[in-house]
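Chemist: Residue numbers (the working numbering): 42 to 339.
Structure provided below as structure tokens; questions to follow.
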Ligand code: GLU
């Protein structure tokens, strides 16, 4: 399989300029290294009807093109189930009956890193599990043998973060993102993952899981987020931040694309122009505050 990069939006609403900037970067990283570029819709959770079509339309409008068809996670349940069975057969999973509140209130295990699952259900007896199953359905957690792992990132260098007994399948039956992303990236031959740096802390978990499943760990590049005027992560409520909002005040998709490219120190115009001079080493390492594009044109 030839190597590939990807963009993997969650269809929970329209993409804003921060998401579009990350998509442009993922495209540039892939195309500048001769990779294919794939589109995967991460619709296991929080999907809103119509959002996928809007997102794909907006990506195409700024020139983010992809190879082949769109892959949807909701079509891939058997693949995720097979991976969980494989881990379970190797003794690498356990059932967890904790509510969020119970986890918050549990005393953390000695030396356990902040935010790690305290291990409450790790060593339940068969009889205890049997009794708990009558109260509520179980989530499935990974039985991790480590408490942290390191990954290499093109922009962040070596990054070490927590690996706990994280959830693989929620107790409502939905496959957890951390499992799905590992299975999909491997099954799709993705060897380069470019995404927002809010996901860097999840990356050691994903790389550890990939190694347990004998799947290759991709190259990672976690790119800076776009912020609002208050220095917080950009959100839909921050004014005209989607292509539709910006079109309503007179700005074309091409103008938005060019503003995003300029924020990266890259020439405007079709992305093919930017790819010719793209150099990850020259990228800004700081988050970018979205300056807006001004009001309606005269
Ligand atoms: N679906 C995730 C998001 O939209 C991205 C996951 C990824 O790129 O690994 O935030």
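C-beta: ideal position from N, C-alpha, C; glycine also.
(1) In three-state DSSP terms, what is residue 93?
(2) Count Cβ pairs between the segment 169-187 and the segment 223-240 that sit closer than 8 Å; are there 3 or more?
(3) Assuming residue 262 and residue 196 form a contact by the criterion Cβ under 8 Å, report the distance between their Cβ atoms to the nearest whole angstrom.
(4) For the segment 117-184, list the beta strand (DSSP E) runs that are entirely contained and at least 3 residues long, ordered along the chain.
(5) Would a C-beta distance cut-off of 8 Å place residue 212 and residue 243 closer than the cut-off?
(6) Measuring alpha carbon to alpha carbon, tell me which residue in 334, 298, 288 and 282 is nearest residue 54.
(7) Return yes when the C-beta of residue 95 is under 7 Å from any heavy atom of ligand 1, and no when it is not.
(8) Looking at the unbroken alpha helix (DSSP H) that takes in residue 247, where does it start and where does it end?
(9) Taking 8 Å as the CB-CB cut-off, is residue 239 touching chain D?
(10) CA-CA distance, residue 149 and residue 187?
(11) Which of helix, strand or coil does DSSP assign to residue 44?
(12) Can you give me the start and stop residues for the beta strand (DSSP E) that residue 236 sits inside?
(13) Once you ignore the five residues that flank residue 85 on each side, which residues in its own chain have a CB closer than 8 Å to its CB?
(14) Does any heavy atom of ligand 1 sit closer than 7 Å to the C-beta of residue 50?
(15) Taking a contact to mean a Cβ-Cβ separation below 8 Å, would you say residue 203 touches residue 156 in this structure?
(16) Counting only runs that start and end within the segment 273-307, where is the alpha helix (DSSP H) found for 4 or more residues in a row?
(17) Residue 82 lies in the beta strand (DSSP E); which residues open and close that run?
(18) Answer with buried or exposed for residue 50, where buried requires no fewer than 16 other C-beta atoms within 10 angstroms of its C-beta.
(19) Do you know whose CA, among 126, 110, 58 and 139, lies nearest residue 99's CA?
(20) Note the first and the last residue of the continuous beta strand (DSSP E) segment covering residue 262.
(21) Using 7 Å as the cut-off, classify the Cβ of residue 275 as near or not near the heavy atoms of ligand 1, replying yes or no.
(22) Within 10 angstroms of its Cβ, does residue 301 collect 16 or more other Cβ (buried), or is it exposed?
(23) According to DSSP, is residue 339 part of a helix, a strand, or is it coil?
(24) Looking only at its chain, what residues have a beta carbon closer than 8 Å to the beta carbon of residue 112, apart from the 5 residues adjacent to it on each side?
(25) For residue 322 and residue 291, I'd like the C-alpha separation in whole angstroms.
(26) Pop quiz: residue 128 and residue 253 are said to be a contact at Cβ under 8 Å. What is the actual Cβ separation, rounded to whole angstroms?
Modeler: To lay it out plainly:
(1) Correct three-state label for residue 93: helix.
(2) These segments do not touch.
(3) 5 Å between Cβ atoms; contact.
(4) With a minimum length of 3 residues, the continuous beta strand (DSSP E) runs that stay inside the segment 117-184 are 134-137 and 180-183.
(5) Between residue 212 and residue 243, the C-beta spacing is not below 8 Å.
(6) Considering only alpha carbons, the answer is 282.
(7) Annotation for residue 95 indicates a beta carbon at 7 Å or more from all heavy atoms of ligand 1.
(8) Per DSSP, residue 247 belongs to the alpha helix (DSSP H) from 244-253.
(9) Of the protein chains in this structure there is only one, and it is not chain D.
(10) Rounded to whole angstroms, residue 149 to residue 187 spans 16 Å at the Cα level.
(11) Three-state result, residue 44: coil.
(12) First-last of the beta strand (DSSP E) with residue 236: 233-237.
(13) Spatial neighbours of residue 85 in its own chain (CB-CB distance under 8 Å, excluding positions within 5 residues in sequence) are listed in chain order as 114, 115, 215, 216, 218 and 221.
(14) Yes; taking the cut-off as 7 Å, the Cβ of residue 50 has a heavy atom of ligand 1 nearer than that.
(15) A contact, by the Cβ cut-off of 8 Å.
(16) The qualifying runs are 284-289 and 294-304.
(17) That run of the beta strand (DSSP E) goes 77-82.
(18) If you draw a 10 Å sphere on the C-beta of residue 50, you find 16 or more other C-beta atoms in it, and that means buried.
(19) With distances taken between Cα atoms, residue 99 lies closest to 58.
(20) Note, residue 262: beta strand (DSSP E), 260-264.
(21) When distances are taken from the beta-carbon of residue 275 to the heavy atoms of ligand 1, even the shortest one reaches 7 Å or more.
(22) Within a 10 Å sphere around the beta-carbon of residue 301 sit 16 or more other beta-carbons, which makes this residue buried.
(23) For residue 339, the predicted model reports a pLDDT of 36, less than 50, meaning its position is unreliable; a value from the coordinates is still stated below. The three-state secondary structure of residue 339, taken from DSSP, is coil.
(24) Contacts found: 79, 80, 81, 82, 225 and 229.
(25) For residue 322 and residue 291, the gap between their C-alpha atoms comes out near 34 Å.
(26) A Cβ-Cβ distance of about 7 Å is found for the pair residue 128 and residue 253, placing them in contact under the 8 Å criterion.
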